[in-house]
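A.B. asks: Just add 88 to wherever you are in the sequence shown, counting from 1, and you've got the numbering used here. Beta carbons: idealized from backbone N, C-alpha and C, even for Gly. What you are looking at is a predicted structure, and each value in this text was computed from that prediction instead of being measured.
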Amino acid sequence: SFSSIRLVFRSMSTALRPTDCLAPHSSPTCCFWLNGAPTSERPLWRSLWNSATLRACTDGGANLIVDRVRASELLAPSLISGDMDSISPEAMLFFGGRSDCEILNTPDQDKTDLTKCLELVAERVERLASAPAHVLILGGLSGRFDHSLATINSLLNARGIFERTGKTKDHGPDQTPPVYLIDGENLTFVVGEGAHSLSPDRSLLTGMCGVVPFCQRETRVTTSGLRWNLDDTPMEFGGIVSTSNETVDDQIAIRTTAPLIVTLEVRSTVTQRTEN
Numbered sequence: 089s090f091s092s093i094r095l096v097f098r099s100m101s102t103a104l105r106p107t108d109c110l111a112p113h114s115s116p117t118c119c120f121w122l123n124g125a126p127t128s129e130r131p132l133w134r135s136l137w138n139s140a141t142l143r144a145c146t147d148g149g150a151n152l153i154v155d156r157v158r159a160s161e162l163l164a165p166s167l168i169s170g171d172m173d174s175i176s177p178e179a180m181l182f183f184g185g186r187s188d189c190e191i192l193n194t195p196d197q198d199k200t201d202l203t204k205c206l207e208l209v210a211e212r213v214e215r216l217a218s219a220p221a222h223v224l225i226l227g228g229l230s231g232r233f234d235h236s237l238a239t240i241n242s243l244l245n246a247r248g249i250f251e252r253t254g255k256t257k258d259h260g261p262d263q264t265p266p267v268y269l270i271d272g273e274n275l276t277f278v279v280g281e282g283a284h285s286l287s288p289d290r291s292l293l294t295g296m297c298g299v300v301p302f303c304q305r306e307t308r309v310t311t312s313g314l315r316w317n318l319d320d321t322p323m324e325f326g327g328i329v330s331t332s333n334e335t336v337d338d339q340i341a342i343r344t345t346a347p348l349i350v351t352l353e354v355r356s357t358v359t360q361r362t363e364n
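1) Is there contact here, the region 133–150 with the region 236–246, by at least three beta-carbon pairs under 8 Å?
2) Quick check on DSSP: helix, strand or coil for residue 291?
3) Taking 8 Å as the threshold (C-beta atoms), are residue 251 and residue 239 in contact?
4) Taking 6 Å as the limit between beta carbons, can you name the residues of its chain near residue 261, skipping five residues before and five after?
5) Cβ atoms of residue 285 and residue 339: under 8 Å apart, would you say?
6) Please state whether the Cβ-Cβ distance between residue 322 and residue 344 is less than 8 Å.
7) Within this structure, are the beta carbons of residue 269 and residue 358 separated by less than 8 Å?
8) Does the region 143–155 come within contact of the region 165–177, defined as at least 3 CB pairs closer than 8 Å?
9) Classify residue 216 as helix, strand or coil using the three-state DSSP reduction.
10) Considering only the alpha carbon of each residue, which of 356, 106, 331, 347 lies closest to residue 384?
11) Report the three-state DSSP secondary structure of residue 166 (helix, strand or coil).
12) Assess, as a yes-or-no matter, whether the region 227–236 is touched by the region 112–132 under the definition of 3 or more beta carbon pairs within less than 8 Å.
13) Rounded C-beta distance between residue 267 and residue 301? I'm assuming under 8 Å.
14) In terms of alpha-carbon separation, which member of 128, 304, 185, 192 lies closest to residue 272?
15) Along the alpha helix (DSSP H) that carries residue 122, what are the first and last residues, could you check?
16) For residue 143, does the three-state DSSP call read helix, strand or coil?
17) How is residue 427 classed by DSSP in three states: helix, strand or coil?
18) Using beta-carbon positions only, say whether residue 331 and residue 318 come within less than 8 Å of one another.
19) If I follow the unbroken beta strand (DSSP E) through residue 308, where does it start and stop?
20) Between the beta-carbon of residue 341 and the beta-carbon of residue 313, is there less than 8 Å?
21) Return helix, strand or coil for residue 205, following the three-state DSSP convention.
22) I need the straight-line Cα distance from residue 157 to residue 296, nearest angstrom please.
23) Please report the residue range of the alpha helix (DSSP H) in which residue 234 lies.
24) Report, in whole angstroms, the separation of the C-beta atoms of residue 275 and residue 202, which I expect to be a contact under 8 Å.
25) CA-CA distance, residue 197 and residue 189?
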């Protein structure tokens, strides 16, 4: 039964509380602001960005926040990185003149700007008093479709990047800080191979969700807590992709043989919050 499956998953799975990233956190956090369509930005981003311990943006993302940093609506990024082909002369001049903002040119074209930025932030996590509760990415899934795919690829790489950082060992054996992404009303993250127990605050969500395969290897998935559960189901593009699913339980269990994209729809009343 699915109840017995859930009990087994809880005893040996990675526990995630994805909706915790939707409010400022008392523990250290890392936040990234990416380049993307301004229409995907939400008022909630301001408080999530300003409350973060480490704040970083890609070079294109710096253009989106420069005016608001100048107006003291947003705190300055701790770090701006990228190949510097997207940052405007205005943003470069403004941020380059600040002592609280580090600008690093990362010209490696074999990695996306987000992946390179994640690597730099992972190195700087060592300076924090304790491991970050989570890593939050703002934007990255709107605009050009190839950019969206590159963002998903960086989400897949993120676990390995932070595993190489000693400070993240505070999370316990085989755990790294979870990496979440918010774009519009979409809360998206990648779960790796193995078992996962998700405990979202359903009052913050519409209930719509997706569990989507995206790696070029066999992906078999078992779930509980969804309206349309999977039972060792083979998933692939060209076959089954579990989009337009729904959460029906406070606990969602996922067991997978390969990484999956999980996406949860956030209520617009949450993303429109304007608290500082």
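C.D. replies: According to the data block:
1) Fewer than three beta-carbon pairs drawn from the region 133–150 and the region 236–246 are found closer than 8 Å, and the two stretches are therefore not classed as touching.
2) helix
3) no
4) Legend: pLDDT at residue 261 = 43, less than 50; position of this residue unreliable, value from coordinates given subsequently. Nothing meets the Cβ criterion.
5) yes
6) Annotated as distal: residue 322 and residue 344, with beta-carbon spacing of 8 Å or more.
7) no
8) The region 143–155 vs the region 165–177: in contact.
9) Coil at residue 216, not helix or strand.
10) Outside the modelled stretch of the chain, which goes from 89 to 364, sits residue 384, for which no answer is possible.
11) Looking at residue 166 - three-state DSSP - the assignment turns out to be coil, as it is neither helix nor strand.
12) The region 112–132, when compared against the region 227–236, does touch it at the 8 Å Cβ threshold.
13) That pair is no contact at about 19 Å.
14) 128
15) From DSSP, residue 122 is part of no alpha helix (DSSP H); its letter is neither H nor E.
16) Of the three classes helix, strand and coil, the one that applies to residue 143 here is strand, per DSSP.
17) Residue 427 cannot be examined here, being either before or after the span of the chain that is shown, 89 to 364.
18) no
19) 308–312
20) Their beta carbons are under 8 Å apart, which means residue 341 touches residue 313 by this criterion.
21) helix
22) So the two alpha carbons sit approximately 35 Å from each other.
23) 233–251
24) Their Cβ separation, rounded to whole angstroms, is 17 Å, which puts residue 275 and residue 202 out of contact at 8 Å.
25) 24 Å
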